[in-house]
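Trainee: Got a structure for you, questions after.
Residue numbers (our numbering): 1 to 134.
Following this line, the structure appears as structure tokens:
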């Protein structure tokens, strides 16, 4: 079981499944929305995610035709991405999870558009775009 929350703790969630595709995304959208060199994501089964509290404090921002960012309206913490074509999955912002995650990161994606000032210092596979398109 994974639990987590936004920074102000008005929104709390739980996930009753293992992570899939734990990755670090370096695309410009993730960098802007996170305000960081990259964002760390884990795929989760949509039907295994639930809000413990604060669902009424969540808002969606459509950052593309097919994807919404889901965030807390009070503190702005980005919690999830909903890639609408993937009807069975959500992507959890792993920085919002409580404690350590049992699953290690698997890869870096969109390194072709990573911040020039950021250097990757690990041996994880790197993909210029989506892993299945590189």
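From the three backbone atoms N, C-alpha and C, an ideal C-beta is built for every residue, glycine too.
1. Within the same chain, show all residues whose beta-carbon is closer than 6 Å to that of residue 28, passing over the 5 residues directly before and after it, in chain order.
2. Compare the Cα-Cα distances from residue 11 to each of 76, 99 and 61 and report the closest residue.
3. Okay, do the stretch 125-133 and the stretch 90-108 touch, 3+ Cβ pairs below 8 Å being the bar?
4. In chain order, what residues of the same chain lie with their CB nearer than 6 Å to the CB of residue 118, ignoring the 5 residues before and after it?
5. With a threshold of 8 Å between beta-carbons, can residue 131 be considered close to chain B, or not?
6. Alpha helix (DSSP H) containing residue 33: first to last residue?
7. Given a cut-off of 8 Å, decide if residue 80 and residue 93 are closer than it, judged by their beta-carbon atoms.
8. Do the CB positions of residue 9 and residue 25 come within less than 8 Å of each other?
9. Out of 115, 121, 110 and 116, point me to the one whose CA is closest to residue 129's CA.
10. Roughly how many angstroms lie between the CA atoms of residue 68 and residue 98, to the nearest whole one?
11. Which partner residues of residue 73 appear in the DSSP bridge assignment?
12. Tell me the DSSP secondary structure of residue 14 in three-state form.
Mentor: Put simply:
1. 113
2. 76
3. yes
4. 37
5. Among the chains in the structure shown there is no chain B, since it carries only a single protein chain.
6. 28-34
7. yes
8. no
9. 110
10. 23 Å
11. In DSSP, residue 73 forms no bridge with anything.
12. strand
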